[in-house]
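Everything on this sheet refers to the single structure shown next.
Written out as structure tokens, the structure is:
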């Protein structure tokens, strides 16, 4: 069966250990993403296949493009010890907020800017034995933990952050619990209400491991996500070798096989936003899995019929 996916030519010397946080920059026509484990930010001219990499001093959980006075102006970057701002590629890192957690056990993970230009970032609790992951929103450019407002909690690994096209719904996943929650979101007051379960999957089967007998027995757990203009929610299913397209009511509209067991996060790109890009992971994967999926850790792309929402910019 023909796969709809193509492997994006990046000319990187090796696959990403943990590719995440992709976005398409509409002004630069470049695809950005991070490798959390390698502590790097990448940006690729997908037409030329050329990629630049920027080494970070710590694990980089997520990034978002930024604007100043209406002009594109670098990135917001979530590192382990806080949220930073860089006004140009490769430029100085200015700290906006300290990390509001114990850095020995927790780091920032999935995050994005919202439709109003605020930056949000969820956390990952590395022991994974308690519900200590949280979702924060950056209130302003102040070097203090108080600059981050707690918006949601009771998770272990934060992922799947996204907004509906009308900006009325916020989605947030807890990967470990195989659950995506949704809230009513007021973009003007930045308040959440009406918490509910958007989608729940069965737990990972006890003793599951990747091999020919067991791979299909597990559909994966929700990782990163992106939303199209019709409000459909595309979610990467980590260890499930698939991306699911979910309707606004949570029904599965498409189950798209992926040439990697561990897809991590999709985003929409291209001039018409009809290219779905997808990062993936190769870190801590078995030799059998990497032999079966040799492009694990690469970036993939496929065409979609309905365009995605454009990336939101953080606004200074």
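Residue numbers (the working numbering): 91 to 406.
For glycine and all other residues, C-beta sits at the position ideal for the given N, C-alpha and C.
message: Assuming residue 258 and residue 274 are in contact, meaning their beta carbons sit under 8 Å apart, how far apart are those beta carbons, in whole angstroms?
response: Reading the chain shown from its first residue, position 168 is the one you call residue 258. Reading the chain shown from its first residue, position 184 is the one you call residue 274. Their Cβ separation, rounded to whole angstroms, is 6 Å, which keeps residue 258 and residue 274 in contact under 8 Å.
Spatial distance of residue 384 from residue 300 (CA atoms): The residue you call residue 384 lines up with position 294 of the chain shown. The residue you call residue 300 lines up with position 210 of the chain shown. Answer to the nearest angstrom: the Cα atoms are 14 Å apart.
- prompt: Got a sec: is the Cβ-Cβ distance from residue 354 to anything in chain C below 7 Å?
  reply: Among the chains in the structure shown there is no chain C, since it carries only a single protein chain.
Cβ-based burial, residue 217 [other Cβ within 10 Å; buried from 16]: On the chain shown, position 127 is the one that residue 217 refers to. Result: exposed.
field: Chain-order list of residues whose beta-carbon lies under 6 Å from that of residue 406 (same chain, five-residue window excluded)
entry: As a position in the chain shown, residue 406 is number 316, starting the count at 1. Closer than 6 Å at the Cβ level, and outside the excluded window around residue 406, lie 158.
- prompt: So residue 324 packs on residue 337, CB below 8 Å; how close in whole Å?
  reply: Along the chain shown, one-based indexing puts residue 324 at 234. Along the chain shown, one-based indexing puts residue 337 at 247. Their Cβ separation, rounded to whole angstroms, is 11 Å, which puts residue 324 and residue 337 out of contact at 8 Å.
- prompt: How is residue 110 classed by DSSP in three states: helix, strand or coil?
  reply: Taking the chain shown and counting its residues from 1, the one referred to as residue 110 is at position 20. Residue 110: strand per DSSP, three-state reduction.
message: My output table needs one value for residue 379: the three-state DSSP class, helix, strand or coil.
response: Position 289 of the chain shown, counted from the start, is the residue given in the question as residue 379. Helix at residue 379.
task: Spell out the partners DSSP gives residue 209 in its beta bridges.
output: Counting from one through the chain shown, the residue named residue 209 turns up at place 119. Answer by DSSP bridge pairing, in chain order: 203.
- prompt: Quick one: what does DSSP say residue 98 is sitting in, helix, strand or coil?
  reply: As a working mapping, residue 98 is identified with position 8 in the chain shown. Residue 98 falls in the coil class under three-state DSSP.
field: residue 368 versus residue 242 - alpha carbon distance
entry: In the chain shown, the residue the question calls residue 368 occupies position 278. In the chain shown, the residue the question calls residue 242 occupies position 152. Taking the straight line from one Cα to the other gives about 26 Å.
message: Between which residues of its own chain and residue 177 is the CB-CB distance below 6 Å, once the five residues before and five after are set aside?
response: Along the chain shown, one-based indexing puts residue 177 at 87. Contacts found: 163 and 164.
Spatially closest choice to residue 251 from 240, 268 and 272, by CA coordinates: Your numbering for residue 251 matches position 161 in the chain shown. The option with the nearest alpha carbon to residue 251 is 272.
query: Which of helix, strand or coil does DSSP assign to residue 305?
result: Locating residue 305 in the chain shown gives position 215, counting from the first residue. Reduced to three states, the DSSP call for residue 305 is helix.
message: Checking 7 Å against the spacing of the C-beta atoms, do residue 193 and residue 170 come in under that value?
response: Your numbering for residue 193 matches position 103 in the chain shown. Your numbering for residue 170 matches position 80 in the chain shown. Taking 7 Å as the Cβ cut-off, residue 193 and residue 170 qualify as a contacting pair.
- prompt: Can you give the Cα-Cα distance for residue 287 and residue 108, rounded to whole angstroms?
  reply: Here residue 287 refers to the residue found at position 197 when the chain shown is read from its first residue. Here residue 108 refers to the residue found at position 18 when the chain shown is read from its first residue. Roughly 27 Å between the two C-alpha positions.
query: Which word fits residue 112, buried or exposed, when buried means at least 16 other C-beta atoms lie within 10 angstroms of its C-beta?
result: Indexing the chain shown from 1 puts residue 112 at position 22. With 16 or more other Cβ atoms within 10 Å, it is buried.
- prompt: Taking the alpha-carbon positions, what's the residue 348 to residue 310 distance?
  reply: For the purposes of this step, residue 348 is taken as the residue at position 258 of the chain shown. For the purposes of this step, residue 310 is taken as the residue at position 220 of the chain shown. Rounded to whole angstroms, residue 348 to residue 310 spans 12 Å at the Cα level.
message: Helix, strand or coil for residue 331? Go by DSSP, reduced to three states.
response: Residue mapping note: residue 331 aligns to position 241 of the chain shown, counting from 1. Correct three-state label for residue 331: coil.
message: Quick check on residue 237: does DSSP put it in helix, strand or coil?
response: Here the question's residue 237 lines up with position 147 in the chain shown. Helix at residue 237.
task: Could you check what DSSP says for residue 406 in three-state terms: helix, strand or coil?
output: For the purposes of this step, residue 406 is taken as the residue at position 316 of the chain shown. Residue 406 falls in the coil class under three-state DSSP.
- request: Measure the alpha-carbon distance for residue 255 versus residue 261 and round it to whole angstroms.
  value: Position 165 of the chain shown, counted from the first residue, corresponds to residue 255. Position 171 of the chain shown, counted from the first residue, corresponds to residue 261. If you take the alpha carbons of residue 255 and residue 261, they lie about 12 Å apart.
- prompt: Can you give the Cα-Cα distance for residue 361 and residue 119, rounded to whole angstroms?
  reply: Looking up residue 361 in the chain shown gives position 271. Looking up residue 119 in the chain shown gives position 29. Spanning the two alpha carbons is a distance of roughly 8 Å.
query: Can you give the Cα-Cα distance for residue 155 and residue 297, rounded to whole angstroms?
result: The residue you call residue 155 lines up with position 65 of the chain shown. The residue you call residue 297 lines up with position 207 of the chain shown. In a straight line, the C-alpha of residue 155 is about 40 Å away from that of residue 297.
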